[in-house]
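Undergrad:
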Amino acid sequence: MSSPPEEPPPSVGPRRTADEVLFAPRPAGERQAFTRTDPWRALRILGEFVEGFDSLSDVDTAVAIFGSARMTPDHPWYAKAVETARRFGEANFAVITGGGPGIMEAANRGATEASTLSIGLNIELPHEQHSNPYVTREIDFRYFFVRKTMFIKYSRGFLFFPGGYGTLDELFEALTLIQTDRIKDFPVVLMGREYWRGLVQWLTNTVAAERMISPDDARLFHVTDDPEQAVRVVVESVGRQMREERGKK
């Protein structure tokens with residue numbers, strides 16, 4: 000199910016994303032075509048949720064892998080992401096990424112090498128991002144918050160390779176949901192001890208020390224360099240999740 004297109008603005012200029020249009024203030028007194036009004040956007044957002052839920056409804060055991068889109072295939076972390084995703088595929092996990100280049104491509108590549116479902120949740124950006132060639136199921140999103148919901152709902156755990164703002168955004172979204180008990184027994188693994196060292200120290204020695212979070216909140220994630228250990232952390236957590244789900248039936 001695809002949501003209907005939104006009528007383009009009358010002026011010509013740099014292309015804006017759906018998120019930019021949604022949150023942009025409207026000048027007082029300006030009249031808009033219905034397909035550019037907030038009620039119409041609400042219908043588009045609903046349609047995007049429905050499309051995402053429908054496309055992923057058969058996904059039961061999956062892991063989401065995040066990381067920089069700027070990582071080239073000759074980078075050591077690219078190779079490690081391929082290996083990690085391949086190991087997850089061999090453990091019967093589907094792999095979900097943002098569908099783009101870099102670490103996302105590497106993870107989808109590892110998934111296809113293991114012949115497991117390789118999902119790409121692509122996002123509309125000002126500079127258009129195309130899905131990498133290793134995605135076997137692609138879903139396109141206009142709104143970041145809808146896309147985030149799909150990552151959380153259909154993943155049993157998150158892995159974070161070195162990355163920038165987008166990676167950090169997904170990381171802190173997950174940690175906030177865990178901290179507030181919105182999701183339980185949800186493993187978060189940071190791949191790359193040296194890369195994440197400064198962030199971990201800041202959370203422990205500054206944020207927790209200043210009592211902005213509890214000491215336990217600074218331990219809501221695992222840090223490793225080892226793909227095998229990363230897979231083990233998630234697999235063990237999924238085992239607990241499934242036992243708990245069976246106990247509730």
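Position 28, counted from 1, in the sequence shown is what numbering that gives the first Met the number 0 calls 27; the numbers after and before it change by one each time, with no gaps.
Think of the CB as a built atom: it goes at the ideal place given N, C-alpha and C, for glycine as much as any other residue.
Since this is a predicted model, take the numbers as computed values, not measurements.
1. Taking the beta carbon of Arg242 as the centre, do at least 16 other beta carbons fall within 10 Å, making it buried, or is it exposed?
2. Note the first and the last residue of the continuous beta strand (DSSP E) segment covering Thr135.
3. Going by DSSP, what residue range makes up the beta strand (DSSP E) through Ala93?
4. Measuring only the C-alpha atoms, how far is Asn204 from Trp195?
5. Please classify Thr223: does DSSP put it in a helix, a strand, or coil?
6. How long is the line joining the alpha carbons of Gly97 and Ile151, rounded to whole angstroms?
7. Relative to the C-alpha of Leu176, which residue among Leu189, Gly162, Met190 and Phe157 is closest?
8. In whole angstroms, what is the alpha-carbon distance linking Ala229 and Glu193?
9. From what residue to what residue does the alpha helix (DSSP H) around Met149 run?
10. Could you pull the start and end residues of the alpha helix (DSSP H) that Ile44 belongs to?
11. Please list the terminal residues of the continuous beta strand (DSSP E) segment that includes Ala312.
12. Nearest-angstrom Cα distance between Val94 and Tyr142?
TA: From the atom records:
1. Answer is exposed; the Cβ neighbour count stays below 16.
2. Counting along the chain, Thr135 falls outside any beta strand (DSSP E), and DSSP gives it neither H nor E.
3. Run containing Ala93: Ala93 to Thr96, per the beta strand (DSSP E) assignment.
4. Taking C-alpha positions only, Asn204 is separated from Trp195 by approximately 14 Å.
5. Looking at Thr223 - three-state DSSP - the assignment turns out to be strand.
6. Straight-line Cα distance between these residues: approximately 13 Å.
7. Shortest Cα-Cα distance from Leu176 to any of Leu189, Gly162, Met190 and Phe157 involves Phe157.
8. Rounded to the nearest angstrom, the two C-alpha atoms are 16 Å apart.
9. For Met149, the enclosing alpha helix (DSSP H) has its first and last residue at Phe143 to Tyr153.
10. Residues Asp37 to Leu55.
11. Any answer about residue 312 is impossible in this case: the structure gives the chain only from 0 up to 248.
12. Cα to Cα, Val94 sits roughly 21 Å from Tyr142.
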